[in-house]
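For the sequence shown, the UniProt record's numbering begins at 1 and goes up steadily by one. Note that CB positions come from ideal geometry on N, CA and C, so glycine has one too.
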Amino acid sequence: MTPLRRLWSRHPVLLTAFVLAAALSVFFTGRIVVKSVYWATHREAGIAPWMTVGYIGRSWDLDPREIDARAGLPMPERGRPLTLEEIARERGVPVEDIVSLVRATVADLKAEQVDE
1 MTPLRRLWSR HPVLLTAFVL AAALSVFFTG RIVVKSVYWA THREAGIAPW MTVGYIGRSW
61 DLDPREIDAR AGLPMPERGR PLTLEEIARE RGVPVEDIVS LVRATVADLK AEQVDE
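In structure tokens:
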């Protein structure tokens with residue numbers, strides 16, 4: 001009889017608990033690694049035309065709807081949110097105007113966070 005079979009026949013509950021605990025440890029360790037590696041380069045990323053307001057809000061740790069409201073941008077409807085470039089195209093203004101507006105709004109909101 002192999003050692004693993006012997007252990008299973010003598011302590012099935014203990015072995016099951018150990019395997020479950022080991023699996024959970026691997027799962028949560030993997031989650032931590034993935035989140036820290038992915039988001040390390042995405043914090044306070046420079047605002048670009050391809051970004052949505054939701055992405056900017058998460059990147060800068062701000063409420064995206066607050067950015068929409070203060071910058072006078074349209075609230076997202078169900079479905080795919082608009083990028084800054086698409087918002088500029090709909091308004092018929094240069095995309096850099098929208099990007100500058102969002103940058104100023106983000107700077108104001110971050111300044112308010114520091115003051116609190």
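inquiry  = So, under 8 Å CB-CB, ILE87 and PRO74 are touching, yes? Tell me the CB distance rounded to an integer number of Å.
reply    = Taking the sequence shown and counting its residues from 1, the one referred to as residue 87 is at position 87. Taking the sequence shown and counting its residues from 1, the one referred to as residue 74 is at position 74. That belief holds up - the Cβ atoms of ILE87 and PRO74 are roughly 7 Å apart, short of 8 Å.
task = Starting from ALA45, follow the alpha helix (DSSP H) in both directions and report where the run begins and ends.
result = In the sequence shown, residue 45 corresponds to position 45, counting from 1. Taken as a continuous stretch (DSSP letters only), ALA45 belongs to no alpha helix (DSSP H), as it is neither H nor E.
request  = Would you check if the distance between the CB atom of VAL95 and the CB atom of ALA71 is smaller than 8 Å?
outcome  = What you label residue 95 is simply residue 95 of the sequence shown in a count that begins at 1. What you label residue 71 is simply residue 71 of the sequence shown in a count that begins at 1. In this structure, the beta-carbon distance from VAL95 to ALA71 does not fall below 8 Å.
message = Quick check: does the Cβ of ILE56 come within less than 7 Å of any heavy atom belonging to the ligand ZN?
response = Here there are no bound small molecules, and the ligand ZN is not part of this structure.
Backbone secondary structure at THR105 - three-state DSSP = On the sequence shown, position 105 is the one that residue 105 refers to. Here THR105 sits in helix by DSSP.
message = Assuming the contact rule is C-beta atoms closer than 8 Å, SER59 and ALA45 should be a hit. Round their C-beta distance to whole Å, please.
response = For this step, residue 59 is matched to residue 59 along the sequence shown. For this step, residue 45 is matched to residue 45 along the sequence shown. Rounded, the Cβ-Cβ distance is 5 Å, consistent with contact.
inquiry  = At the level of alpha carbons, what is the spacing between ALA22 and VAL53?
reply    = One-based indexing of the sequence shown puts residue 22 at position 22. One-based indexing of the sequence shown puts residue 53 at position 53. Taking the straight line joining both Cα atoms gives about 40 Å.
query = Which partner residues does THR52 have in the DSSP bridge list?
reply = Stepping through the sequence shown from its first residue, residue 52 is reached at position 52. According to DSSP, THR52 bridges with THR83.
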